[in-house]
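Novice:
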Amino acid sequence: MTAPDTSWVLITGASSGFGEEFARQYAEQGRYLVLVARRLDRLQALAETLRRQYDIEVVVEQVDLADVAEVIHLHRRLHEQGIAIDILINNAGHGLQGPFVDNPLDDALAMVQLDVASLTAVTHVFAQDMRARGRGKILLVASLLAYQGVVNFAVYAAAKAYVLRLGEALHRELKRDGITVTTLCPGLSDTGFTSVAQQKITPGLKRLMMQPAPVVRIGIRALQAGRISVVPGWANKAFVVLTWATPRRLHQALLSRAMNG
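Counting along the sequence shown from 1, when you hit position 75 you're at 131 in our numbering, and nothing is skipped either side.
Right under this line is the structure:
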């Protein structure tokens with residue numbers, strides 16, 4: 057019988073959605089987990105379940121990742137505990153649907169802070185450790201909307217485009233240091249994101265919605281295989297091909313119609 061892999065996996069946004077599913081699937085592999093999010097009660101409940109079910113170590117860290125200073129403190133605490141992160145799942149993010157000028161400016165800036173600035177900070181501090189050890193894996197969670205600007209998702213789509221381009225660049229830049237960087241670009245998924253983002257679910261979108269488990273499984277396999285990026289689901293892949301093959305005005309109009317009804 058193969059011994060479990062006890063390397064440490066850090067998952068941001070681990071209290072729900074993709075983050076919770078990443079925790080479950082890595083726990084099944086026997087890996088030790090650091091679960092990071094703001095909702096302590098949900099983290100503790102998930103951690104207790106995974107410890108009992110898989111007999112693994114799980115560290116819970118309540119962190120407001122939108123505060124870069126807290127990211128630095130998290131990194132320092134783990135270092136002091138002797139926890140070296142082998143796999144980083146940079147999943148935490150926030151979205152909001154609505155006209156750009158109608159939404160409060162603070163909401164737009166909060167999205168940029170979490171989805172761009174804090175993701176960059178988390179990636180930077182843990183990639184430095186991985187480079188020093190000569191190994192590591194990083195998965196950045198972007199979105200299908202990273203491939204183009206979408207009406208009523210202007211800031212979110214722009215933020216996820218940053219994540220995708222950052223991941224593509226770091227894939228090549230950090231490869232020489234023994235670090236794999238992969239970007240996961242899921243389409244609409246049943247994670248609870250849509251209710252938080254106040255997103256309208258059109259009948260067409262409902263038919264395309266994926267469950268978190270296969271999306272996460274695809275992301276983990278792509279990271280393990282060393283791929284630069286991955287888009288889960290054949291319909292989502294077809295959309296990316298459409299983006300490459302058609303004029304910008306056409307595919308932007310089609311996606312904006314699909315996303316907004």
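Backbone N, C-alpha and C define an ideal beta-carbon position, used for all residues, glycine too.
Remember, it's a predicted structure, so these values are computed and weren't measured experimentally.
Could you check the C-alpha separation between R273 and T179 for me, to the nearest Å?
Specialist: Residue numbering aside, residue 273 sits at position 217 when the sequence shown is read from its first letter. Residue numbering aside, residue 179 sits at position 123 when the sequence shown is read from its first letter. About 21 Å.
Novice: Could you check what DSSP says for G192 in three-state terms: helix, strand or coil?
Specialist: Counting from 1 along the sequence shown, the entry for residue 192 is found at position 136. If DSSP states are grouped into helix, strand and coil, G192 belongs with the strands.
Novice: What number of angstroms, rounded off, separates the C-alpha of I128 from the C-alpha of D142?
Specialist: Along the sequence shown, one-based indexing puts residue 128 at 72. Along the sequence shown, one-based indexing puts residue 142 at 86. Each residue's alpha carbon lies about 18 Å from the other.
Novice: Rounded C-beta distance between L102 and E76? I'm assuming under 8 Å.
Specialist: Position 46 of the sequence shown, counting from 1, holds the residue named residue 102. Position 20 of the sequence shown, counting from 1, holds the residue named residue 76. At roughly 6 Å, the Cβ-Cβ gap stays under 8 Å, so L102 and E76 are in contact.
Novice: Helix, strand or coil: which one does DSSP assign to A269?
Specialist: In the sequence shown, residue 269 corresponds to position 213, counting from 1. Helix.
Novice: With a Cβ-Cβ cutoff of 9 Å, do V219 and L165 count as a contact?
Specialist: Counting from one through the sequence shown, the residue named residue 219 turns up at place 163. Counting from one through the sequence shown, the residue named residue 165 turns up at place 109. No, the Cβ-Cβ distance between V219 and L165 is not below 9 Å.
Novice: Where do the ends of the alpha helix (DSSP H) carrying E76 lie?
Specialist: Start at 1 with the first residue of the sequence shown, and residue 76 comes out as number 20. Per DSSP, E76 belongs to the alpha helix (DSSP H) from 73 to 84.
Novice: Less than 9 Å separating the beta-carbons of L106 and G69?
Specialist: Taking the sequence shown and counting its residues from 1, the one referred to as residue 106 is at position 50. Taking the sequence shown and counting its residues from 1, the one referred to as residue 69 is at position 13. In this structure, G69 does not lie closer than 9 Å to L106 by Cβ.
Novice: Please classify K231: is it buried, with 16 or more other beta-carbons within 10 angstroms of its beta-carbon, or exposed?
Specialist: In the sequence shown, counting from the first residue as 1, residue 231 sits at position 175. K231 is exposed by the Cβ-count criterion.
Novice: Pull up the distance between the alpha-carbon of A202 and that of E113, whole angstroms please.
Specialist: Here the question's residue 202 lines up with position 146 in the sequence shown. Here the question's residue 113 lines up with position 57 in the sequence shown. A202 and E113: Cα-Cα distance of roughly 35 Å.
Novice: So S285 and T238 are in contact, right, with Cβ under 8 Å, and what is the actual spacing, rounded?
Specialist: Taking the sequence shown and counting its residues from 1, the one referred to as residue 285 is at position 229. Taking the sequence shown and counting its residues from 1, the one referred to as residue 238 is at position 182. About 6 Å separates the two Cβ atoms, so the contact holds.
Novice: In whole angstroms, give me the CA-to-CA distance for A210 and Y110.
Specialist: Along the sequence shown, read from residue 1 onward, the residue named residue 210 stands at position 154. Along the sequence shown, read from residue 1 onward, the residue named residue 110 stands at position 54. For A210 and Y110, the distance between alpha carbons rounds to 41 Å.
Novice: Using CA coordinates, which residue listed in Q81, R87, I145, D123 is at the minimum distance from L35?
Specialist: Because the chain is modelled from 57 through 317, residue 35 falls outside the range shown and cannot be assessed.
Novice: Once DSSP output is grouped into helix, strand and coil, what is the label at N208?
Specialist: Position 152 of the sequence shown, counted from the start, is the residue given in the question as residue 208. If DSSP states are grouped into helix, strand and coil, N208 belongs with coil.
Novice: Going residue by residue through the region 76 to 142, where are the continuous alpha helix (DSSP H) segments of at least 4 residues, counting only ones entirely within it?
Specialist: 96 to 110, 124 to 136
Novice: Could you tell me the alpha carbon to alpha carbon distance between A215 and R87, rounded to whole angstroms?
Specialist: Within the sequence shown, the letter at position 159 stands for residue 215. Within the sequence shown, the letter at position 31 stands for residue 87. So the alpha carbons of these two residues sit roughly 30 Å apart.
Novice: Of the choices I235, A213, P288, whose alpha-carbon is the least far from that of D185?
Specialist: Sequence index remark: in the sequence shown, residue 185 carries index 129 (1-based). With distances taken between Cα atoms, D185 lies closest to I235.
Novice: Using only the alpha-carbon positions, how far apart do R95 and H150 sit?
Specialist: On the sequence shown, position 39 is the one that residue 95 refers to. On the sequence shown, position 94 is the one that residue 150 refers to. In a straight line, the C-alpha of R95 is about 14 Å away from that of H150.
Novice: Who are the Cβ neighbours of V81 in its own chain at under 8 Å, not counting the five residues just before and after it?
Specialist: Within the sequence shown, numbered from 1, the residue matching residue 81 stands at position 25. Contrary to the premise, residue 81 reads as Gln rather than Val in this sequence. Here the set comprises A269, V272, R273, I276.
Novice: On the three-state DSSP scale, how would you describe T176?
Specialist: Taking the sequence shown and counting its residues from 1, the one referred to as residue 176 is at position 120. DSSP places T176 in helix when its eight states are reduced to three.
Novice: CB-CB under 8 Å to R187, same chain, minus the five flanking residues each way: which ones, in chain order?
Specialist: One-based indexing of the sequence shown puts residue 187 at position 131. The answer, listed in chain order, is L230, D233, G234, I235.
Novice: By how many angstroms is the C-alpha of V207 removed from the C-alpha of L152?
Specialist: Here residue 152 corresponds to residue number 96 of the sequence shown, with the count starting at 1. Here residue 207 corresponds to residue number 151 of the sequence shown, with the count starting at 1. Whole-angstrom Cα-Cα distance: 12 Å.
Novice: How is T299 classed by DSSP in three states: helix, strand or coil?
Specialist: Position 243 of the sequence shown, counted from the start, is the residue given in the question as residue 299. Three-state result, T299: helix.
Novice: Name the DSSP bridge partner or partners of I235?
Specialist: Your numbering for residue 235 matches position 179 in the sequence shown. Looking at the DSSP assignment, I235 forms a beta bridge with G192.
Novice: What number of angstroms, rounded off, separates the C-alpha of R191 from the C-alpha of V181?
Specialist: The residue you call residue 191 lines up with position 135 of the sequence shown. The residue you call residue 181 lines up with position 125 of the sequence shown. Roughly 14 Å between the two C-alpha positions.
Novice: What is the DSSP secondary structure of V357, counted as helix, strand or coil?
Specialist: Residue 357 lies beyond the range of the chain shown here (57 to 317); nothing can be said about it.
Novice: Might you give, ordered along the chain, the residues of its own chain that have their beta carbon closer than 6 Å to the beta carbon of H131, omitting 5 neighbours on each side?
Specialist: Residue numbering aside, residue 131 sits at position 75 when the sequence shown is read from its first letter. The residues are V181.
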